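Below is one structure, written out as structure tokens, with a few remarks after it.
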Amino acid sequence: MQEQNDIHTQNKYESGIISLDERLDRYSDLLSAQYDYLRSLSDFSLAKYKIYLRTIDFHKP
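Quick note, the sequence shown lines up with residues 230 to 290 if you use this note's numbering.
Listed below in structure tokens is the structure:
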């Protein structure tokens, strides 16, 4: 959704409706959303791996 907002903002900037500052603010929002998504995915993957490791340790004789 954030990517669609960025495309819309880019079109408004290219049409001269908004300033470069506003365009850069919206682009910054897109980068922040992408960063948050990747950080959450990383945290999830790490937690899943830790659970996997605990499962392996639990099943050792």
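Every residue gets a Cβ at the ideal spot worked out from N, C-alpha and C, and that includes glycine.
The model shown is predicted, which means the values in this text are computed figures rather than measured ones.
- The beta carbon of L253 lies closer than 6 Å to none in the same chain, with the five residues before and after it left out.
- By the Cβ-count criterion, T238 is buried, with 16 or more other Cβ atoms from all chains shown falling within 10 Å of its own Cβ.
- Remark: C-beta atoms of N240 and R255 do not approach each other more closely than 8 Å.
- The DSSP-derived three-state label of S274 is helix.
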